[in-house]
Amino acid sequence: MTSLINVEAILDRLCDDLVVRIESAGVDIKQVGLIGIRTGGVWLADYIHKKLALPSPMGELDISFYRDDFTRIGLNPTVKPSSLPFETEDRHIVLIDDVIMSGRTIRAAMNEIFDYGRPASITLMALIDLGRRELPIQPDLVGEVMTLEKNQQVKLTGPDGLKVQLKAAP
Amino acid sequence: MSYPLHADEIQLNQNGQLRHFLTVEGLSKALLEEILDTADSFIEVGARSIKKVPLLRGKTVINLFFEPSTRTRTTFELAAQRLSADVLNLNISTSATSKGESLSDMLQNLEAMASDMFVVRHAQSGAPHFIAKSVCPGVAIINAGDGRHAHPTQAMLDMLTIRQHKGRVEGMVVAIVGDILHSRVARSQIRALLTLGAAEVRVIAPQTLLPFEPEALGVSVFHNMQAGLRDADVVIMLRLQKERMEGALLPSESEYFKLYGLDDQKLAYAKPDAIVMHPGPINRGVEIASEVADGPQSVILNQVTNGIAIRMAVMSMAMSGQIASAQNRS
Chain A
1 MTSLINVEAI LDRLCDDLVV RIESAGVDIK QVGLIGIRTG GVWLADYIHK
51 KLALPSPMGE LDISFYRDDF TRIGLNPTVK PSSLPFETED RHIVLIDDVI
101 MSGRTIRAAM NEIFDYGRPA SITLMALIDL GRRELPIQPD LVGEVMTLEK
151 NQQVKLTGPD GLKVQLKAAP
Chain B
1 MSYPLHADEI QLNQNGQLRH FLTVEGLSKA LLEEILDTAD SFIEVGARSI
51 KKVPLLRGKT VINLFFEPST RTRTTFELAA QRLSADVLNL NISTSATSKG
101 ESLSDMLQNL EAMASDMFVV RHAQSGAPHF IAKSVCPGVA IINAGDGRHA
151 HPTQAMLDML TIRQHKGRVE GMVVAIVGDI LHSRVARSQI RALLTLGAAE
201 VRVIAPQTLL PFEPEALGVS VFHNMQAGLR DADVVIMLRL QKERMEGALL
251 PSESEYFKLY GLDDQKLAYA KPDAIVMHPG PINRGVEIAS EVADGPQSVI
301 LNQVTNGIAI RMAVMSMAMS GQIASAQNRS
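Residue numbers (UniProt numbering), protein chains in the order written: chain A, 1 to 170; chain B, 1 to 330.
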C-alpha cells in the first residue's frame, strides 16, 4: 500500500513552520495547546506532539455534536467524548485536521473549542487542502494542496504508518 | 388502554433507529449499548464551562407531565437545554384537559405549534404509546414513566451507572429490593438487565409487593434479604410509596425496614464491592438507612448525574431517527 504523499516528511516540515509561526508571534511553542480533530487529525496531532515534545497533554475533538447537518444526516452513532485535558481560556491553540475541504468541520471544531473557554488564538493546520471551500475559513499551515475529480476522495490511514490513499467517492 | 409491551414497530424506524423511546422491551442489546455509549459522550458536556451542544438548536421540546415529578422533569429539562432545544413545561393541572378538552385535541394543538418532541409522564400505562401511535406522526415521544408499565430512561441511567462502576452489566448479579408490584422502574430495569446479559436478576420483596407469577419476568424471587443479597454485585433499592402503607399491603414502616430495609448489616451479605442504587426520592429509615444512602458503596447521586446524559442521548437519538424517517418519506 503506497501513500500518495510522504506524510511524515510533510509533518516534519509543518512542525518547523509551526514553531517559526508561533514564536514569531512572541509565544513559546511549549505553551500551546495542541488539538486534533478525530480521527485523522488526532493521529497527526499525536505525531506533532511527540516531535515537538510539548509538555501539555494534547486534546481530541469529536465534532459530531456540532455538525451543521444534524437535521439532514442525524447523529453519528460512533461519537466519542471530546477530551481537552488543559485550560483553553487565553491559551494559544493549534488545531489540526487531516483534510480541509468545505470548512464546515473546522467551523464546528471552533464552536466546540469556544464552549470550553475563549482561547487567545487558534492556528489551523491541515495536512491536505482540497479547496472547494463553502465557508471563509483558511488554514494557516498546509502540507499539500490537491485537486480531485468529483468521483475521488483521499483518506488518511493510521495511526501506525500514516498513509494517504486516493479512493473512489461513495 | 392496552398496548403491546413490544413497541419496536412503533419506536423504531425502517433502519432500526430509535424514533421514540417508549420502553426497553423489544430493543436489542446493540441498541441499548448504543444509548449507553452516546450517553457516555454526553457526560463530558456537563463538565464544560458552557454545558451545551447545539444538536437540538431550533427544536421545541414540551414536557407533558400528567403526574407530579421533580427529579425526572428537571433532568429532562436540563437535558433538552443542554442540547440547545427550546423547552416548555406544561402544567397539566391548569391545562385545557382539566377544562374538558381531550388528550388528543390538546396534543394536536401542541403539534400545531410546531413541537418536535413530547416528554410524557402519565399515570395510565400505555399513554405514551397511544400518543406515539395515533396522535403525533413526526413528533418524537419520550416516555418519562407511564403507570406501572415502564420508566425506560430511569432503567438506562441505572445501566449506565452499573457500567461506570462495575465496568460492564454482563455477568453481574443484581438484586432489586422492594415494591416490585407497583414499580415501573423495576419492570424496565429487569428487561434492560436481562437484555444486556446480567448473570442473574433477583427480586427481593414480601409476597404482597410482588406481581402474580414474578418468575415470568425472568427473575429469581426471594423473600429474605440474607439469601437474596448473597454475593450480589449490585443492590437496587426501590422507593416504598408510603401511600401504599395504608392499603394493608404492609404491616408498618418499621416492620418493613426491619425485614427489607437496607442497613450496613444486611448490605454485608452482598459482595464487599457491591454498589447501592436507588431511583429516588429516598425514604430514609424506611427502605434504606442513612448510613447506607450516604455510605461509600452508594452511587445514588451518580445516578442523578447520569440521568441527564441518558436523557440527552435518548432525545438526540430519537430526533435523529425522526429525521431519517422524514427523509425516507420524502
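Beta carbons are placed, not taken as given, at the ideal position from N, Cα and C, and that holds for glycine.
In this structure, the beta-carbon distance from residue 279 of chain B to residue 219 of chain B does not fall below 7 Å.
When the beta-carbon positions are compared, residue 24 of chain B and residue 214 of chain B stay at least 7 Å from each other. Using a Cβ distance threshold of 7 Å, residue 295 of chain B and residue 238 of chain B do not count as a contacting pair. With a cutoff of 7 Å on beta-carbon distance, residue 297 of chain B and residue 269 of chain B are scored as not near each other. Taken in chain order, the unbroken stretches of alpha helix (DSSP H) that lie wholly in the stretch 184-247 of chain B and span 4 residues or more are 184-195, 225-229.
Partner residues in the beta bridge of residue 144 of chain A, as assigned by DSSP, are A:128.
Taking a cut-off of 8 Å for Cβ pairs, the stretch 84-96 of chain A and the stretch 61-77 of chain B do not touch, as fewer than three such pairs fall below it. Under the three-state reduction of DSSP output, residue 172 of chain B falls in the coil class, being neither helix nor strand. The beta carbons of residue 308 of chain B and residue 277 of chain B sit no closer together than 7 Å.
Distance from the CA atom of residue 251 of chain B to the CA atom of residue 207 of chain B, rounded to whole angstroms, is 13 Å. DSSP places residue 163 of chain B inside the alpha helix (DSSP H), whose first and last residues are 152-166. By the 16-neighbour rule on beta-carbons within 10 angstroms, residue 42 of chain A is buried. When the Cα atoms are used, residue 46 of chain A and residue 53 of chain B turn out to be separated by approximately 26 Å. For residue 172 of chain B, the CB contacts under 7 Å within the same chain, skipping 5 residues up- and downstream, are 162, 166, 198, 199, 233, 234 in chain order. Beta bridge pairing from DSSP links residue 59 of chain B with no other residue.
Cβ-Cβ separation between residue 203 of chain B and residue 194 of chain B: approximately 12 Å, too far for a contact (criterion under 8 Å). Residue 16 of chain B and residue 37 of chain A have their C-alpha atoms spaced approximately 29 Å apart. The Cβ of residue 81 of chain A sits closer than 7 Å to at least one Cβ of chain B. For the options A:116, A:125, A:121, A:79, the alpha carbon positioned closest to that of residue 86 of chain A is the one of A:116. For residue 87 of chain B, the three-state secondary structure derived from DSSP is strand. Contact fails between the stretch 101-120 of chain A and the stretch 48-55 of chain A, because fewer than three Cβ pairs, one in each stretch, are under 8 Å apart. With a cutoff of 7 Å on beta-carbon distance, residue 150 of chain B and residue 188 of chain B are scored as near each other. Ranked by how close their Cα comes to the Cα of residue 137 of chain A, the residues A:102, A:17, A:70 have A:102 in first place. Shown here, residue 118 of chain A sits in coil according to DSSP, grouped into three states, outside any helix or strand.
A distance of 7 Å or more separates the beta carbons of residue 19 of chain B and residue 327 of chain B. Interface flag for residue 71 of chain A against chain B is set, since a Cβ pair is found closer than 7 Å. Burial of residue 115 of chain B is indicated by the presence of at least 16 other C-beta atoms within 10 angstroms of its C-beta. Assignment of beta-bridge partners to residue 117 of chain B by DSSP yields B:61, B:140.
Segment contact: the stretch 75-82 of chain B against the stretch 51-67 of chain B, three or more CB-CB distances shorter than 8 Å; contact assigned. Going by C-alpha positions, residue 132 of chain B is about 28 Å away from residue 305 of chain B. Measuring C-alpha to C-alpha distances from residue 28 of chain A to each of A:3, A:56, A:12, A:159 identifies A:56 as the nearest. The contact set of residue 85 of chain A on chain B, defined by CB atoms closer than 7 Å, is empty, because the minimum CB distance reaches about 11 Å.
Listed in chain order, the beta strand (DSSP E) elements of length 3 or more contained wholly in the UniProt domain "Phosphoribosyltransferase" (8-138) of chain A are 33-37, 59-61, 92-100, 121-129. Residue 319 of chain B is not a Cβ neighbour of residue 42 of chain B, given a cutoff of 7 Å.
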